[in-house]
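One structure is given below, encoded as structure tokens.
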Amino acid sequence: VTEPDLAGRHVVVSAGGTREPLDPVRFLGNRSSGKQGYALARTAAARGARVTLIEANTGLPDPAGVDVVRVGTAVQLREAVLKAASDADVVVMAAAVADFRPETYAAGKIKKKDGQEPEPIVLVRNPDILAEISADRPRPEQVVVGFAAETDDVLANGRTKLARKGCDLLVVNEVGERKTFGSEENEAVVLGADGSETPVPYGPKEALAETVWDLVAHRLR
Ligand code: PMT
189 VTEPDLAGRH VVVSAGGTRE PLDPVRFLGN RSSGKQGYAL ARTAAARGAR
239 VTLIEANTGL PDPAGVDVVR VGTAVQLREA VLKAASDADV VVMAAAVADF
289 RPETYAAGKI KKKDGQEPEP IVLVRNPDIL AEISADRPRP EQVVVGFAAE
339 TDDVLANGRT KLARKGCDLL VVNEVGERKT FGSEENEAVV LGADGSETPV
389 PYGPKEALAE TVWDLVAHRL R
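Below, the structure is given as structure tokens:
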């Protein structure tokens, strides 16, 4: 039986992967499918929360009873998250956000020219949405949760990232070309700013989502 322990709460969840356009045809992107973020949104709604799901490029259908905002790039995601977070009790950043974007956008398709070397792509930094939300909370009691997608030294990198981002909880999961991205299952350790470590064994993404909400609900009380 699901407890309605998030009733009366507004939670904001980001899902999917940002795409940073190079020209009208091409982008820099990542392998996020949005499934973990959608599992968070569905389970929060089932626990009674009002849910705003901000999705980037997932192609997934809207979950029932959830407000969905669609964005493409990291800059658009930042705007949507900051707007929704202004009255939120909880913000969960499950989206895979591009750290960099191409400095310039070509209005027409970039063409290859015979006998010429390709032009290098110059990148500039994107805003760090999670760090910004954690530092400037629109409501002081707001609970902020980040995810960390790591390929090696998962826990050590996770601890460093938790400190750098300044969030309350950081869900550390290992990723690879065929690991976690796009799959129905996940395995993680949820690190708390208070030093806590909650391992979540390999299982459906819903199960990890439920553990995240258990930890969040405990902090909201
Ligand atoms: O979508 P699925 O296929 O189900 O896969 C799930 C997932 C692997 C995408 C998800 O579980 C996950 O780990 N999401 C976070 C991916 C990520 O961007 O990790 P990161 O270590 O690069 O970033 C750390 C945190 O900072 C994340 O909460 C991210 O949303 C946030 N961030 C990152 C960069 C940036 N410019 N702004 C941010 O807010």
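Residues 189 to 409 (UniProt numbering) are what the sequence shown spells out, left to right.
Backbone N, C-alpha and C define an ideal beta-carbon position, used for all residues, glycine too.
Residue closest to residue i, alpha-carbon to alpha-carbon, out of the options
| i | options | result |
| --- | --- | --- |
| Asp402 | Ala237, Arg219 and Gly222 | Ala237 |
| Glu373 | Ala336, Val257, Gly391 and Leu358 | Gly391 |
| Ala233 | Leu318, Gly380 and Val278 | Val278 |
| Asn218 | Leu228, Gly260 and Gly354 | Gly260 |
| residue 187 | Asp382, Ala336, Gly370 and Phe369 | Because the chain in this structure spans residues 189 to 409, residue 187 falls outside the shown range and cannot be described. |
| Asp275 | Pro387, Asp340, Thr246 and His198 | His198 |
| Gly204 | Ile309, Asn245, Arg214 and Asp250 | Asn245 |
| Met281 | Ile242, Ser384, Gly303 and Leu408 | Ile242 |
| Gly253 | Pro326, Val239, Leu265 and Ala397 | Val239 |
| Leu216 | Asp287, Glu329 and Leu343 | Asp287 |
Within 8 Å, strictly: CB atoms of residue i and residue j
| i | j | result |
| --- | --- | --- |
| Asp193 | Arg230 | no |
| Pro209 | Ala262 | no |
| Phe369 | Val363 | yes |
| Asp356 | Val332 | yes |
| Ala283 | Thr190 | no |
| Ala272 | Val257 | yes |
| Leu379 | Gly354 | no |
| Lys393 | Ala227 | yes |
| Val310 | Ser202 | no |
| Asp211 | Ile298 | yes |
Residue(s) in a DSSP beta bridge with residue i
| i | result |
| --- | --- |
| Arg289 | Val312 |
| Thr240 | Val200 and Asp255 |
Supposed contact pair residue j and residue i - C-beta distance, whole angstroms, cut 8 Å
| i | j | result |
| --- | --- | --- |
| residue 137 | Ile317 | Outside the shown range of the chain, which is 189 to 409, sits residue 137, and nothing can be said about it. |
* Asked: When the Cβ atoms of the stretch 350 to 359 are set against those of the stretch 288 to 301, are three or more pairs found closer than 8 Å?
  -> no
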